[in-house]
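Novice:
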Amino acid sequence: MNASNELQKQTESRAAAEAAPQSPGPVHRPRYTSRYDEEAWLVSVELPGVRKEDVRALVENEVLEIVAVRRLETPETWRSLGRYETERRWRLRLDVGPEVDEARISASLEDGVLSLRLPLREEVKPRTVEIH
Amino acid sequence: MKLIRYPHPLQQLREWEAFFEDPFRAFAPLLAAPAGRGGRPAERLPSVEWFEDDSSYHVRIDLPGVKRENLRLETEEGLLRLALEISGEARSEGGPVETARSEFVVRCPEGINHGGVEARLSDGVLQVSLPKTEARRAVSVEIA
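Top line first, the protein sequences correspond to chains A and B. For the first sequence, my numbering begins at 1 and goes up steadily by one. For the second sequence, my numbering begins at 133 and goes up steadily by one.
1. In whole angstroms, what is the alpha-carbon distance linking Asp-111 (chain A) and Glu-130 (chain A)?
2. Should the stretch 48-64 of chain A be regarded as contacting the stretch 200-209 of chain B, the criterion being three or more beta carbon pairs within less than 8 Å?
3. Kindly identify the DSSP beta-bridge partner or partners of His-28 (chain A).
4. Can you list, in chain order, the residues of its chain with a C-beta nearer than 8 Å to that of Val-273 (chain B)? Leave out the 5 residues immediately preceding and following it.
5. According to a CB-to-CB cut-off of less than 8 Å, which residues of the stretch 74-86 of chain A neighbour chain C?
6. I'd like to know if Gly-197 (chain B) contacts chain A, where contact means its C-beta is closer than 8 Å to some C-beta of that chain.
7. On the DSSP bridge list, what partners appear for Leu-203 (chain B)?
8. Just how far apart, CA to CA, sit Asp-101 (chain A) and Val-45 (chain A)?
9. Under 8 Å, do Arg-83 (chain A) and Val-27 (chain A) count as touching if we go by C-beta distance?
10. Is there a Cβ of chain B sitting closer than 8 Å to that of Pro-21 (chain A), yes or no?
11. At the 8 Å Cβ level, is Glu-217 (chain B) part of the contact set with chain A, yes or no?
12. In chain A, which residues lie less than 9 Å from Phe-236 (chain B) when you measure between Cβ atoms?
13. With distances taken from CA atoms, which of B:Leu-205, B:Val-271, B:Gly-210 is nearest Ile-244 (chain B)?
14. Taking the C-alpha atoms as reference points, what is the distance between Pro-263 (chain B) and Arg-121 (chain A)?
15. Which of helix, strand or coil does DSSP assign to Ala-270 (chain B)?
16. Given Glu-99 (chain A), which residues of its chain have a CB within under 7 Å of its CB, disregarding the five upstream and five downstream residues?
17. Please name the residue in A:Gly-49, A:Trp-78, A:Glu-85 whose C-alpha comes closest to that of Ser-187 (chain B).
18. Determine, using beta carbons only, whether Asp-111 (chain A) comes closer than 8 Å to chain B.
19. Between the alpha carbons of Arg-88 (chain A) and Leu-205 (chain B), how many angstroms are there, rounded?
20. Compare the C-beta of Val-63 (chain A) against all C-beta atoms of chain B and say whether one is closer than 8 Å.
21. CA-CA distance, Thr-231 (chain B) and Leu-216 (chain B)?
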């Protein structure tokens, strides 16, 4: 196992530990959309209130896993009118298949939406065949 | 890759309306049910969390992907009115730009000092603080 795999493993186990409900609280499945632009899959995952340092996306064995936790500051003087989750956890696992070039996956987080770009491997991109 | 197509979140705002209509009534059963647990319908509901302290009510509404410039917030007696207008990216180059418009209301408590309402949108979460009018504020009574 090479160093980057090792690192990924560590990151994964840490993320998994963080996603595990220590305090009782469910792990939600975030809402997401995906589309395809011939070069890549573009996936948008809704993670409102999540900061960059609290989300992890990893790919292993053709599975993309996104783990996120949101920690919103709630002043002590606030009394909840209903129930709320002091921490909300999300986990999403997507089967990306062998056509995705895992090394080139990129992600950005903006306004509570995680945007992932999963580029396709050269050999599986659609090609126009010229007809002579 | 497994693909599940959801409508754009903004198109779902309409569906949320019923939910936003009366958050207080909904408190017990609906807001208590964490979104996403036990079936699709819950997954579609946005999170709305209400709080109060001695001087204000506070509400947090999840609006992932919404930017400040796309959101307009108005208050009137017992209501918070949210209007969203977002121009999506064109599906193809030169194609039409998709614009989503949505409006919905959140019922809020009465006795709000509307001039003092403050709102902040960050990371896709809108937080609104609604100061209570003098009459609504908690007053501690000294016991002789």
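Positions of the beta carbon are idealized from the N, C-alpha and C atoms, including for glycine. Given the structure is predicted, the values throughout are model-derived calculations rather than measurements.
Specialist: Let me lay it out:
1. Locating residue 111 (chain A) in the first sequence gives position 111, where the first residue counts as 1. Locating residue 130 (chain A) in the first sequence gives position 130, where the first residue counts as 1. Glu-130 (chain A) has its alpha-carbon roughly 43 Å from the corresponding atom of Asp-111 (chain A).
2. With the rule of 3 Cβ pairs closer than 8 Å, the stretch 48-64 of chain A does not count as touching the stretch 200-209 of chain B.
3. On the first sequence, position 28 is the one that residue 28 (chain A) refers to. Under DSSP, His-28 (chain A) takes part in a beta bridge, and its partners are A:Trp-90.
4. Locating residue 273 (chain B) in the second sequence gives position 141, where the first residue counts as 1. None.
5. In the structure shown, chain C does not exist; the protein chains are A and B.
6. The residue given as residue 197 (chain B) occupies position 65 in the second sequence. At least one chain A Cβ lies under 8 Å of Gly-197 (chain B).
7. The residue you call residue 203 (chain B) lines up with position 71 of the second sequence. B:Leu-216, per the DSSP bridge assignment.
8. Here residue 101 (chain A) refers to the residue found at position 101 when the first sequence is read from its first residue. Here residue 45 (chain A) refers to the residue found at position 45 when the first sequence is read from its first residue. In a straight line, the C-alpha of Asp-101 (chain A) is about 20 Å away from that of Val-45 (chain A).
9. For this step, residue 83 (chain A) is matched to residue 83 along the first sequence. For this step, residue 27 (chain A) is matched to residue 27 along the first sequence. Val-27 (chain A) sits away from Arg-83 (chain A), with the two beta carbons spaced by 8 Å or more.
10. The sequence position of residue 21 (chain A) within the first sequence is 21, counting from 1. With a pLDDT of only 46 at Pro-21 (chain A), under 50, the local geometry of the prediction cannot be trusted, and the value read off the model is given with reservation. Residue-level contact check: Pro-21 (chain A) does not touch chain B, since none of the beta carbons of chain B fall below 8 Å from its beta carbon.
11. Position 85 of the second sequence, counted from the start, is the residue given in the question as residue 217 (chain B). Residue-level contact check: Glu-217 (chain B) does not touch chain A, since none of the beta carbons of chain A fall below 8 Å from its beta carbon.
12. The residue given as residue 236 (chain B) occupies position 104 in the second sequence. Around Phe-236 (chain B), no beta-carbon contact reaches into chain A at under 9 Å, the shortest distance being about 16 Å.
13. Counting from one through the second sequence, the residue named residue 244 (chain B) turns up at place 112. The shortest C-alpha separation from Ile-244 (chain B) is found at B:Gly-210.
14. As a position in the second sequence, residue 263 (chain B) is number 131, starting the count at 1. As a position in the first sequence, residue 121 (chain A) is number 121, starting the count at 1. In a straight line, the C-alpha of Pro-263 (chain B) is about 55 Å away from that of Arg-121 (chain A).
15. For the purposes of this step, residue 270 (chain B) is identified with residue 138 of the second sequence, where counting begins at 1. Three-state DSSP puts Ala-270 (chain B) in coil, outside helix and strand.
16. As a working note, residue 99 (chain A) is residue 99 in the first sequence. Within the same chain, and ignoring the five residues on either side of Glu-99 (chain A) in sequence, the residues whose Cβ sits closer than 7 Å to its Cβ are Leu-120, Arg-121, Val-124.
17. Locating residue 187 (chain B) in the second sequence gives position 55, where the first residue counts as 1. Here the closest residue by C-alpha is A:Trp-78.
18. Within the first sequence, the letter at position 111 stands for residue 111 (chain A). At least one chain B Cβ lies under 8 Å of Asp-111 (chain A).
19. Counted from its first residue, the first sequence places residue 88 (chain A) at position 88. Counted from its first residue, the second sequence places residue 205 (chain B) at position 73. Rounded to whole angstroms, Arg-88 (chain A) to Leu-205 (chain B) spans 26 Å at the Cα level.
20. Locating residue 63 (chain A) in the first sequence gives position 63, counting from the first residue. So no, Val-63 (chain A) is outside the interface.
21. Working through the second sequence from its first residue, we reach residue 231 (chain B) at position 99. Working through the second sequence from its first residue, we reach residue 216 (chain B) at position 84. Using only the alpha carbons, I get a separation of about 10 Å.
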